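In the working numbering, the protein residues as written are 9 to 406.
Beta carbons: idealized from backbone N, C-alpha and C, even for Gly.
Given the structure is predicted, the values throughout are model-derived calculations rather than measurements.
To start, the structure itself, in structure tokens.
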């Protein structure tokens with residue numbers, strides 16, 4: 009398996025690769041993860057690095073390759089141009105997907121692998137995966153985790169889709185997006201690509217803890233959480249949807265306070281730049297929590313909000329359902345809205361006014377319970393690891 013970083017930072021893509029590597033090994037298929045020495049996309053990936061060479065992360069064998077030292081200026085120019093919403097030239101499109109987190113040493117190593125080796129690479133956004141796939145046409149299976157964003161439509165990604173041996177999609181909406189954009193170019197092979205999803209299950213010990221009412225109440229009390237609150241879980245940064253969610257929560261509570269109603273604060277679980285979350289009595293920064301504590305916070309909330317409009321699967325809403333909480337997601341994210349509407353496990357909001365209305369609905373315990381129960385049933389029927397691995401193995405071995 010190939011991924012830009014492994015074993016330290018675990019965003020959604022990193023978590024998917026780690027989980028799949030573990031599950032392949034449980035199914036009897038030895039796995040080696042090929043990755044760069046980079047520790048994280050949020051650090052200086054050329055200088056804040058692991059040592060190159062072989063290592064082990066748990067039971068998974070890892071080979072780390074040196075990060076390319078090419079001039080990063082064209083990459084930063086591409087990012088700046090995109091952020092200004094200006095047209096990005098073809099030259100800068102290639103610079104973005106060549107001079108980000110990349111390793112030509114790793115790309116060359118792939119060419120030396122056994123011809124019978126199954127190679128899966130993900131996710132698409134950093135430079136490494138498009139570089140590997142485009143350097144070895146027809147050899148590498150892509151687990152792209154596409155989002156509907158400008159970079160998805162750039163030339164190196166069109167080539168990556170064409171050059172992939174197969175594509176594995178995480179949701180129906182991700183596949184639909186790709187067919188709309190590239191179906192005319194790739195044709196039937198894209199239409200026949202499977203939607204495999206990801207497995208979402210809690211270890212038995214975690215299940216026991218989040219069913220323990222005293223543990224849930226102790227956690228809620230220790231963290232200073234009120235009876236009614238919303239929760240966000242993930243990287244604390246504006247482009248995850250917090251740039252609009254935080255002002256909405258403040259406006260909601262200003263209105264409730266004016267009406268003499270109790271506030272409904274937003275608890276934020278995760279870390280990121282401190283300036284993203286302003287000081288407010290209605291914003292509760294919890295930082296990183298232990299897994300059981302995180303799930304307890306979700307379980308005791310009136311609902312988990314995933315405000316991101318760039319999702320290809322969304323672990324966190326699946327976790328919320330398994331923990332017994334409903335979810336709130338934006339209409340602007342086809343993936344999360346699709347999950348919610350397929351199972352009726354939460355509410356979809358259109359705008360700020362609708363968000364406030366939907367939050368008020370979640371104050372009704374019976375409604376919350378009904379929504380969460382339907383969501384939980386959806387996860388348990390669609391995303392059990394045995395079923396997911398059956399879909400994946402059928403795809404990669406055929």
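Whole angstroms is fine: what's the gap from residue 322's alpha carbon to residue 50's?
-> Taking the chain shown and counting its residues from 1, one reaches residue 322 at position 314. Taking the chain shown and counting its residues from 1, one reaches residue 50 at position 42. One C-alpha to the other measures close to 20 Å.
Spatial distance of residue 163 from residue 203 (CA atoms) = Along the chain shown, read from residue 1 onward, the residue named residue 163 stands at position 155. Along the chain shown, read from residue 1 onward, the residue named residue 203 stands at position 195. Taking the straight line from one Cα to the other gives about 24 Å.
Write down every uninterrupted run of the alpha helix (DSSP H) in the segment 236-277 whose length is 4 residues or greater and which is fully enclosed by it, in chain order.
-> The segment 236-277 contains these whole alpha helix (DSSP H) runs: 250-266.
For the beta strand (DSSP E) that contains residue 153, what are its first and last residues?
-> Within the chain shown, residue 153 is the residue found at index 145, counting from 1. Neither: residue 153 is in no beta strand (DSSP E) and is coded neither H nor E.
DSSP three-state call for residue 357: helix, strand or coil?
-> Residue numbering aside, residue 357 sits at position 349 when the chain shown is read from its first letter. It is a strand residue.
CA nearest to the CA of residue 243, picked from 330, 294 and 43 = Translated into positions along the chain shown, residue 243 becomes position 235. That would be 294, whose Cα lies nearest to the Cα of residue 243.
Residue span of the beta strand (DSSP E) that contains residue 337, given as start and end = Locating residue 337 in the chain shown gives position 329, where the first residue counts as 1. First-last of the beta strand (DSSP E) with residue 337: 335-338.
Can you tell me where the alpha helix (DSSP H) with residue 210 in it begins and where it stops?
-> Counting from 1 along the chain shown, the entry for residue 210 is found at position 202. Here residue 210 belongs to no alpha helix (DSSP H), and DSSP marks it neither H nor E.
Kindly list the residues whose CB is nearer than 8 Å to the CB of residue 86, restricted to its own chain and excluding five residues on each side of it in sequence; keep chain order.
-> Position 78 of the chain shown holds residue 86. So the qualifying residues of the chain are 96, 100, 101, 103 and 104.
Pairwise C-alpha distance: residue 20 and residue 52 = Working through the chain shown from its first residue, we reach residue 52 at position 44. Working through the chain shown from its first residue, we reach residue 20 at position 12. Taking the straight line from one Cα to the other gives about 20 Å.
Three-way DSSP call (helix, strand, coil) for residue 123 in this model | Taking the first residue of the chain shown as position 1, residue 123 is located at position 115. Correct three-state label for residue 123: coil.
C-alpha gap between residue 191 and residue 199, whole angstroms | If you number the chain shown from 1, residue 191 lands on position 183. If you number the chain shown from 1, residue 199 lands on position 191. Spanning the two alpha carbons is a distance of roughly 7 Å.
Name the two residues that bound the continuous beta strand (DSSP E) containing residue 379.
-> Taking the chain shown and counting its residues from 1, one reaches residue 379 at position 371. From DSSP, residue 379 is part of no beta strand (DSSP E) but of the alpha helix (DSSP H) over 373-390.
Bounding residues of the beta strand (DSSP E) (the contiguous stretch that carries residue 64) | Locating residue 64 in the chain shown gives position 56, counting from the first residue. Taken as a continuous stretch (DSSP letters only), the beta strand (DSSP E) holding residue 64 covers 61-65.
Buried versus exposed call for residue 122 [16 or more other C-beta atoms within 10 Å across all chains shown] | The residue labelled residue 122 in the question sits at position 114 within the chain shown. It is exposed - the Cβ of residue 122 has fewer than 16 other Cβ atoms within 10 Å.
DSSP state of residue 16 mapped onto helix, strand, coil | Counted from its first residue, the chain shown places residue 16 at position 8. In the structure shown, residue 16 sits in coil (DSSP, three-state: anything other than H, G, I, E or B).
Residue nearest to residue 358 in terms of C-alpha spacing, selected from 217, 341 and 47 = One-based indexing of the chain shown puts residue 358 at position 350. If we check each option's Cα against that of residue 358, 341 comes out closest.
Got a sec, what are the start and stop residues for the alpha helix (DSSP H) residue 8 sits in?
-> For residue 8 there is no data in the structure shown, the boundaries of the chain being 9 and 406.
What residue does the alpha helix (DSSP H) around residue 191 start on, and which one ends it?
-> Here residue 191 corresponds to residue number 183 of the chain shown, with the count starting at 1. Run containing residue 191: 180-194, per the alpha helix (DSSP H) assignment.
Beta-carbon separation (whole angstroms), residue 142 vs residue 159, contact threshold 8 Å | Numbered from 1 along the chain shown, position 134 holds the residue referred to as residue 142. Numbered from 1 along the chain shown, position 151 holds the residue referred to as residue 159. Wrong, their Cβ atoms sit about 15 Å apart, outside the cutoff.
CB contact flag (residue 41, residue 33, <8 Å) | Sequence index remark: in the chain shown, residue 41 carries index 33 (1-based). Sequence index remark: in the chain shown, residue 33 carries index 25 (1-based). Not closer than 8 Å, so no.
Applying the criterion that 16 or more other CB atoms from any shown protein chain within 10 Å of the CB defines a buried residue, is residue 62 buried or exposed?
-> In the chain shown, the residue the question calls residue 62 occupies position 54. Classification for residue 62: exposed.
Taking Cβ positions, are residue 205 and residue 231 nearer each other than 8 Å?
-> The count along the chain shown starts at 1 and reaches residue 205 at position 197. The count along the chain shown starts at 1 and reaches residue 231 at position 223. Result no, Cβ atoms of residue 205 and residue 231 do not sit closer than 8 Å.
CA-CA distance, residue 154 and residue 266?
-> The residue given as residue 154 occupies position 146 in the chain shown. The residue given as residue 266 occupies position 258 in the chain shown. Their Cα atoms are separated by approximately 43 Å.
Who are residue 177's beta bridge partners in DSSP?
-> Here the question's residue 177 lines up with position 169 in the chain shown. Note: residue 177 sits in a beta bridge opposite 203.
So is residue 9 buried or exposed if we call it buried at 16+ other beta carbons inside 10 Å?
-> Stepping through the chain shown from its first residue, residue 9 is reached at position 1. Buried is the call here.
Which stretch, first to last residue, makes up the beta strand (DSSP E) that contains residue 291?
-> For this step, residue 291 is matched to residue 283 along the chain shown. 291-295 is the span of the beta strand (DSSP E), which, as asked, contains residue 291.
Assign residue 316 to one of two classes, buried (16 or more other C-beta atoms within 10 Å of its C-beta) or exposed (fewer than that).
-> For the purposes of this step, residue 316 is taken as residue 308 along the chain shown, with counting starting at 1. Of the other Cβ atoms in all chains shown, 16 or more fall within 10 Å of the Cβ of residue 316; this residue is therefore buried.
Going by DSSP, name the residue or residues bridged to residue 313.
-> Reading the chain shown from its first residue, position 305 is the one you call residue 313. 336.
When the Cα of residue 407 is compared with those of 306, 171, 24 and 25, which residue comes out closest?
-> Residue 407 lies beyond the residue range present for the chain, which begins at 9 and ends at 406; the question has no answer from this structure.
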